[in-house]
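Novice:
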Amino acid sequence: MAKELWKGNEAIAEAAIRAGCDCFFGYPITPQSEVPEYMSSHLPKAGGVFVQSESEVAAINMVYGAAGAGMRAMTSSSSPGISLKQEGITYLAAAELPCVIVNVMRGGPGLGTIQPGQGDYFQATRGGGNGDYRTVVLAPSNVQETADFVQEAFDIADQYRSPVVVLADGLIGQMMEPIEWRPVPKRQLPAKDWAACGKKGRDHTNVINSLFLNPEECDALNQRLTVKYAEIEKNEVRWETALCQDAEVLITAYGTPARIALTALDLLREQGIRAGLFRPVTLWPFPEKALGEIAAEPHVKVILDVEMSSTGQMLDDVRLAVEGRKPIRYLGHAGGIMPTVEEMIEAAKTALKEAQ
Amino acid sequence: MLKQIIISGFGGQGGLAIGKNLAEAGMEQGFHVTWAPSYGPEMRGGTANCSVVISSRPVGSPVFARPTELIALNEPSLEKFEADVQPGGAVFVNSDVVTDRVRREDLSACYIPCAKIAEEVGNPKVGNMVMLGAYVAKTGFLRPETIEAMIAQMFTGPKAKFVPLNIEAFRRGMACGE
Amino acid sequence: MAVVYEKSRGLTDAELHYCPGCHHGIIHKLIAETLVELDLLDGAIGVCPVGCSVFAFKYFNCDMLEAAHGRAPAVATGIKRTHPDQAVFTYQGDGDLASIGAAEIVHAAMRGEKFTTVFVNNAIYGMTGGQMAPTTLIGQRATTCQEGRTVQQAGMPIRVAEMLSTLDGCVYAERVCVTDIPNLNRAKKAIKTAFQKQMAGEGFTFVEVLSTCPTNWGLTPVKAVQWLRENMIPYYPLGVIKDKGLEVR
Numbered sequence: 001m002a003k004e005l006w007k008g009n010e011a012i013a014e015a016a017i018r019a020g021c022d023c024f025f026g027y028p029i030t031p032q033s034e035v036p037e038y039m040s041s042h043l044p045k046a047g048g049v050f051v052q053s054e055s056e057v058a059a060i061n062m063v064y065g066a067a068g069a070g071m072r073a074m075t076s077s078s079s080p081g082i083s084l085k086q087e088g089i090t091y092l093a094a095a096e097l098p099c100v101i102v103n104v105m106r107g108g109p110g111l112g113t114i115q116p117g118q119g120d121y122f123q124a125t126r127g128g129g130n131g132d133y134r135t136v137v138l139a140p141s142n143v144q145e146t147a148d149f150v151q152e153a154f155d156i157a158d159q160y161r162s163p164v165v166v167l168a169d170g171l172i173g174q175m176m177e178p179i180e181w182r183p184v185p186k187r188q189l190p191a192k193d194w195a196a197c198g199k200k201g202r203d204h205t206n207v208i209n210s211l212f213l214n215p216e217e218c219d220a221l222n223q224r225l226t227v228k229y230a231e232i233e234k235n236e237v238r239w240e241t242a243l244c245q246d247a248e249v250l251i252t253a254y255g256t257p258a259r260i261a262l263t264a265l266d267l268l269r270e271q272g273i274r275a276g277l278f279r280p281v282t283l284w285p286f287p288e289k290a291l292g293e294i295a296a297e298p299h300v301k302v303i304l305d306v307e308m309s310s311t312g313q314m315l316d317d318v319r320l321a322v323e324g325r326k327p328i329r330y331l332g333h334a335g336g337i338m339p340t341v342e343e344m345i346e347a348a349k350t351a352l353k354e355a356q
Numbered sequence: 357m358l359k360q361i362i363i364s365g366f367g368g369q370g371g372l373a374i375g376k377n378l379a380e381a382g383m384e385q386g387f388h389v390t391w392a393p394s395y396g397p398e399m400r401g402g403t404a405n406c407s408v409v410i411s412s413r414p415v416g417s418p419v420f421a422r423p424t425e426l427i428a429l430n431e432p433s434l435e436k437f438e439a440d441v442q443p444g445g446a447v448f449v450n451s452d453v454v455t456d457r458v459r460r461e462d463l464s465a466c467y468i469p470c471a472k473i474a475e476e477v478g479n480p481k482v483g484n485m486v487m488l489g490a491y492v493a494k495t496g497f498l499r500p501e502t503i504e505a506m507i508a509q510m511f512t513g514p515k516a517k518f519v520p521l522n523i524e525a526f527r528r529g530m531a532c533g534e
Numbered sequence: 535m536a537v538v539y540e541k542s543r544g545l546t547d548a549e550l551h552y553c554p555g556c557h558h559g560i561i562h563k564l565i566a567e568t569l570v571e572l573d574l575l576d577g578a579i580g581v582c583p584v585g586c587s588v589f590a591f592k593y594f595n596c597d598m599l600e601a602a603h604g605r606a607p608a609v610a611t612g613i614k615r616t617h618p619d620q621a622v623f624t625y626q627g628d629g630d631l632a633s634i635g636a637a638e639i640v641h642a643a644m645r646g647e648k649f650t651t652v653f654v655n656n657a658i659y660g661m662t663g664g665q666m667a668p669t670t671l672i673g674q675r676a677t678t679c680q681e682g683r684t685v686q687q688a689g690m691p692i693r694v695a696e697m698l699s700t701l702d703g704c705v706y707a708e709r710v711c712v713t714d715i716p717n718l719n720r721a722k723k724a725i726k727t728a729f730q731k732q733m734a735g736e737g738f739t740f741v742e743v744l745s746t747c748p749t750n751w752g753l754t755p756v757k758a759v760q761w762l763r764e765n766m767i768p769y770y771p772l773g774v775i776k777d778k779g780l781e782v783r
């Protein structure tokens, strides 16, 4: 199939349409506004519904309504807007509604900057709203993956009746790259016989709800969710490695820093330093076991975590996976500054020197 | 082969489009490419630049500190990026707008009066094609036929009449770069 | 034996949890009867709020969604846009609609979303225990204005039906109450008109129902009705506030 040059944000929108997205609700915010822009013109032509909502809060609740009524629903935003959606996301998780939420992250906290960031890792992977819940988080690191993951996200959401987050960043959203519109693996999906779409002869009413005043009922919901999350952890964890087989310094990174790291690996190896990359593809479930095993290999001397975050957020998960078996160093920028290849090389060399 | 190109100018000057054309041509010839814009509130009038990578290997970082070539459409762009260009690299200067010269002696400089040539060709809007031609001729890794086929695809239907004009501008630019 | 009266099949058999003298039950019944009479029940989808009527999903015999506080109009937008041929309604109280959900209701009305909102205004927060609502009257006591609401502290109460009627997308707005049979009949007619206009695709339709809260007002059910008549109706006048169809005619 011929390659086409696509901008990340437009690929997100087109991928959703190809995945049979019935409706999109969104609010403008840089650097993701091309998603609603593309949707506004292309989704109605494909028979879907586009509404520009009055706020991110309204958009996620429109998703709740449409998803609750059985539709494939989606919203997208960028960091501050995703914060506003958290109320809706916890309700979606509690009511077990499938939907796709795209976060094209920018630097924070607060209004922050419109340049790329990765400061929403905790929010995405720990369940950013109230209560005990998780959302599947897919982290693409190029435009092709972004297009693939958005399509797959709808199936994952439907399979588990759960919101799925595609966590991209401003660079992936704004950049162009050749992609192929290749078929993504299709899943066997359960019927949406729970949807509140009108009884139409059904002998009972369907109710979409997240309120259980009786503690036993609320506990039962939580137990059901726990079982579901265990199932997702078993089935859906994904990661990718590059040059890990003999790596003495192991870089951990996701999204944009992971692809920048690929260039750094090549240059480090040219200088005789055996560097490898471990890239979590699902941030939740986190590939804890896989990373732990690689980190435990005797050839790995040190781990260097790189993120577009000042304090390091995935760093916590890396630490949990490595369990203190190897030293961990951190390289991070926030505020919209991306780590450079040169910095990564320097940091990798320093980390290795310190470990030896 | 690894080309890291920065195209920079005022917003609205067409730098992002030149970058996109280069990326597209690279893709057509089977290279791995990325195009990454600076983005922000400066939609018109501010400085806008994009980073293009054209590589025979998959592209890791789409952004880079040291370009192999710089296309400077305005003076601030030359000022900002000249120092970053890799030794032996090339700088393409839009000499209608930029009066400064390239200071470094380890770079090859190419001065192209894009607007003047565009007007000679008959349309001030085709200045970008002149610049593209100069880049293609000077660097030699993109085939002129690739660009000309792309131009034919860019303008179809009632706009097809613009094809000869753009090809003419592109060829005049090539003459400047050779 | 001839059946003289029976419970609407638009309602389930679940026992209502509302306090004695509260009007929610009556208002539920009017909506349920309307859905049955207009033959809309089987396709109807309702959205209930956070507030005393949070459990309305147990009472209406149609598919229901429980929304986050104030977000029912956004939820209904998502439903109606994807199910344009089915009857969709939100059922909301004054805290839910006029306070935390003010943006959602205004914009749904602005867009002319083709669903019906039944707004139950009892001038107080019921479920959380009698706090001041945006519709609490000046001088009325609540647990967060224990000496009575003042203009200095909280401004004047909001007249939602009038406010929404300024928006072109809102084609029908009426304020009613259910304190006696003639008013109850008018309320039923208003709700029916709203659903008819919704199904005709005219735009956003809105019925505000003044209601009692004997528990939090600290009055007997009978006295509460009297209080509503004497205090609420003068500030919240009854009647059709907007009917775009009539304007066109």
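Read top to bottom, the protein sequences are chains A, B and C.
Its first residue numbered 1, the first sequence is counted upward by one per residue in this note's numbering.
Its first residue numbered 357, the second sequence is counted upward by one per residue in this note's numbering.
Its first residue numbered 535, the third sequence is counted upward by one per residue in this note's numbering.
Glycine is no exception: its CB is placed at the ideal position from the N, C-alpha and C atoms.
Could you confirm whether any beta carbon from chain A is found closer than 8 Å to the beta carbon of threonine 651 (chain C)?
Specialist: Your numbering for residue 651 (chain C) matches position 117 in the third sequence. Threonine 651 (chain C) does not count as touching chain A.
Novice: Is there a Cβ of chain B sitting closer than 8 Å to that of isoleucine 12 (chain A), yes or no?
Specialist: Here residue 12 (chain A) is taken as the residue at index 12 of the first sequence, counted from 1. Answer no: the Cβ-Cβ gap between isoleucine 12 (chain A) and chain B never drops below 8 Å.
Novice: Name the DSSP bridge partner or partners of isoleucine 101 (chain A)?
Specialist: Taking the first sequence and counting its residues from 1, one reaches residue 101 (chain A) at position 101. The partner list for isoleucine 101 (chain A) (beta bridge, DSSP) reads A:Thr75 and A:Val165.
Novice: Using a beta-carbon distance below 8 Å, is glycine 416 (chain B) in contact with chain A?
Specialist: Taking the second sequence and counting its residues from 1, the one referred to as residue 416 (chain B) is at position 60. For glycine 416 (chain B), the answer is yes, since a Cβ of chain A falls inside 8 Å of its Cβ.
Novice: To be precise: take each residue of the stretch 270-296 of chain A, compare its Cβ to all Cβ atoms of chain B, and keep it if any distance is under 9 Å. Which residues remain?
Specialist: Against chain B - using a Cβ distance shorter than 9 Å - the stretch 270-296 of chain A contributes no residues.
Novice: Could you tell me the alpha carbon to alpha carbon distance between lysine 186 (chain A) and tyrosine 160 (chain A), rounded to whole angstroms?
Specialist: Within the first sequence, residue 186 (chain A) is the residue found at index 186, counting from 1. Within the first sequence, residue 160 (chain A) is the residue found at index 160, counting from 1. For lysine 186 (chain A) and tyrosine 160 (chain A), the distance between alpha carbons rounds to 14 Å.
Novice: If you draw a straight line from the C-alpha of glycine 682 (chain C) to the C-alpha of isoleucine 658 (chain C), how long is it?
Specialist: For this step, residue 682 (chain C) is matched to residue 148 along the third sequence. For this step, residue 658 (chain C) is matched to residue 124 along the third sequence. For glycine 682 (chain C) and isoleucine 658 (chain C), the distance between alpha carbons rounds to 12 Å.
Novice: Roughly how many angstroms separate the alpha carbons of glycine 483 (chain B) and glycine 367 (chain B), rounded to a whole number?
Specialist: Taking the first residue of the second sequence as position 1, residue 483 (chain B) is located at position 127. Taking the first residue of the second sequence as position 1, residue 367 (chain B) is located at position 11. If I take the Cα positions, the gap works out to 15 Å.
Novice: Measuring alpha carbon to alpha carbon, tell me which of A:Phe278, A:Leu267, A:Ala13 and A:Glu56 ends up nearest valine 300 (chain A).
Specialist: In the first sequence, counting from the first residue as 1, residue 300 (chain A) sits at position 300. Nearest option by C-alpha distance: A:Phe278.
Novice: Counting C-beta neighbours from all protein chains within 10 Å, is the total for methionine 399 (chain B) 16 or more, i.e. buried, or is it exposed?
Specialist: Working through the second sequence from its first residue, we reach residue 399 (chain B) at position 43. Residue placement at methionine 399 (chain B) cannot be trusted, given a pLDDT of 48 that sits under 50; what the coordinates show is reported in the next sentence. Classification of methionine 399 (chain B): exposed, given that the 10 Å Cβ count is below 16.
Novice: Strictly under 8 Å for the Cβ-Cβ distance: is arginine 161 (chain A) near chain B by that measure?
Specialist: One-based indexing of the first sequence puts residue 161 (chain A) at position 161. Not an interface residue.
Novice: Give the DSSP-derived three-state secondary structure of cysteine 553 (chain C) in the structure shown.
Specialist: The residue you call residue 553 (chain C) lines up with position 19 of the third sequence. It is coil, neither helix nor strand.
Novice: Taking only beta-carbon positions, decide if asparagine 61 (chain A) is within less than 8 Å of chain C.
Specialist: For the purposes of this step, residue 61 (chain A) is identified with residue 61 of the first sequence, where counting begins at 1. It does; some Cβ of chain C falls within 8 Å.
Novice: Name the DSSP bridge partner or partners of arginine 683 (chain C)?
Specialist: Reading the third sequence from its first residue, position 149 is the one you call residue 683 (chain C). Bridge partners of arginine 683 (chain C): C:Ile672.
Novice: Which word fits threonine 252 (chain A), buried or exposed, when buried means at least 16 other C-beta atoms lie within 10 angstroms of its C-beta?
Specialist: The residue given as residue 252 (chain A) occupies position 252 in the first sequence. Answer is buried; the Cβ neighbour count reaches 16.
Novice: Taking only three categories from DSSP, how would you classify asparagine 206 (chain A)?
Specialist: Residue 206 (chain A) sits at position 206 when you count from the first residue of the first sequence. Here asparagine 206 (chain A) sits in coil by DSSP.
Novice: Would you say leucine 308 (chain A) lies against chain B (beta-carbon separation less than 8 Å)?
Specialist: The sequence position of residue 308 (chain A) within the first sequence is 308, counting from 1. For clarity, residue 308 (chain A) is methionine in the given sequence; the question names leucine instead. No, because no Cβ of chain B sits closer than 8 Å to the Cβ of methionine 308 (chain A).
Novice: State yes or no: is the beta carbon of cysteine 23 (chain A) nearer than 8 Å to at least one beta carbon in chain C?
Specialist: For the purposes of this step, residue 23 (chain A) is taken as residue 23 along the first sequence, with counting starting at 1. It does: the Cβ of cysteine 23 (chain A) has a partner Cβ on chain C nearer than 8 Å.
Novice: Taking CB distances under 8 Å as the criterion, tell me whether isoleucine 260 (chain A) reaches chain D.
Specialist: This model lacks chain D altogether; the protein chains it does include are A, B and C.
Novice: Listing by chain order, which chain A residues have their CB less than 8 Å from the CB of methionine 383 (chain B)?
Specialist: Here residue 383 (chain B) refers to the residue found at position 27 of the second sequence. Within chain A, the residues near methionine 383 (chain B) are Lys3, Leu5 and Pro178.
Novice: Per DSSP, which one or two residues make a beta bridge with serine 309 (chain A)?
Specialist: In the first sequence, counting from the first residue as 1, residue 309 (chain A) sits at position 309. Serine 309 (chain A) is not bridged to any residue.
Novice: Tell me the rounded alpha-carbon separation between leucine 744 (chain C) and tyrosine 769 (chain C).
Specialist: To locate residue 744 (chain C), count along the third sequence from 1; it is residue 210. To locate residue 769 (chain C), count along the third sequence from 1; it is residue 235. About 11 Å.
Novice: According to DSSP, simplified to helix, strand and coil, what is glutamate 540 (chain C)?
Specialist: The residue you call residue 540 (chain C) lines up with position 6 of the third sequence. Note: glutamate 540 (chain C) maps to coil in three-state DSSP.
Novice: Against chain C, does glutamate 54 (chain A) count as a neighbour if the rule is that its beta carbon must be under 8 Å from one of theirs?
Specialist: Along the first sequence, read from residue 1 onward, the residue named residue 54 (chain A) stands at position 54. So, interface residue.
Novice: What residue does the beta strand (DSSP E) around lysine 776 (chain C) start on, and which one ends it?
Specialist: By one-based count along the third sequence, residue 776 (chain C) stands at place 242. Unbroken beta strand (DSSP E) run through lysine 776 (chain C): 773-777.
Novice: Would you kindly work out how many angstroms separate the C-alpha atoms of arginine 358 (chain A) and phenylalanine 149 (chain A), rounded to a whole number?
Specialist: Any question about residue 358 (chain A) goes unanswered here, given that chain A covers just 1 to 356.
Novice: Can you have a look at serine 78 (chain A) and say buried or exposed, based on whether 16 or more other CB atoms are within 10 angstroms of its CB?
Specialist: Sequence index remark: in the first sequence, residue 78 (chain A) carries index 78 (1-based). Buried, because 16 or more other Cβ atoms sit within 10 Å of the Cβ of serine 78 (chain A).
Novice: Given a threshold of 16 other Cβ atoms within 10 Å of its Cβ, counted over all protein chains shown, does leucine 701 (chain C) qualify as buried or as exposed?
Specialist: By 1-based counting over the third sequence, the position of residue 701 (chain C) is 167. Burial call: buried.
Novice: Tell me the DSSP bridge mates of arginine 329 (chain A)?
Specialist: The residue given as residue 329 (chain A) occupies position 329 in the first sequence. Paired residues: A:Leu304.
Novice: Note down, in chain order, each residue of its chain lying with its Cβ closer than 7 Å to the Cβ of glutamate 87 (chain A), except the 5 sequence neighbours on either side.
Specialist: Taking the first residue of the first sequence as position 1, residue 87 (chain A) is located at position 87. These residues qualify, in order along the chain: Val57 and Gly129.
Novice: Helix, strand or coil for phenylalanine 511 (chain B), going by three-state DSSP, please let me know.
Specialist: Within the second sequence, residue 511 (chain B) is the residue found at index 155, counting from 1. In this structure, phenylalanine 511 (chain B) counts as coil in the three-state DSSP scheme.
Novice: Quick one: grab the DSSP three-state call for glutamate 398 (chain B).
Specialist: Mapped onto the second sequence, residue 398 (chain B) falls at position 42. Residue confidence for glutamate 398 (chain B) is low, a pLDDT of 49 falling below 50, so the modelled location carries little weight; the figure read from the coordinates is stated next. Residue state, collapsed to three classes: coil.
Novice: Can you list, in chain order, the residues of its chain whose CB lies under 8 Å from that of glutamate 233 (chain A), leaving out five sequence neighbours each side?
Specialist: Looking up residue 233 (chain A) in the first sequence gives position 233. If we look at glutamate 233 (chain A) and ignore the five residues flanking it on each side, its Cβ neighbours are Pro285.
Novice: Measure the C-alpha to C-alpha separation of glutamate 567 (chain C) and leucine 84 (chain A) and round it to an integer number of angstroms.
Specialist: Translated into positions along the third sequence, residue 567 (chain C) becomes position 33. Translated into positions along the first sequence, residue 84 (chain A) becomes position 84. Rounded to the nearest angstrom, the two C-alpha atoms are 38 Å apart.
Novice: Can you check which of these residues, C:Gly664, C:Asp714 and C:Ile775, is closest to arginine 763 (chain C) by C-alpha distance?
Specialist: As a working note, residue 763 (chain C) is residue 229 in the third sequence. Looking at the Cα atoms, C:Asp714 is the closest of the given residues.
Novice: Based on the DSSP output, what are the partners of glutamate 4 (chain A) in its beta bridges?
Specialist: On the first sequence, residue 4 (chain A) is found 4 positions in, with the first residue counted as 1. A:Ile179.
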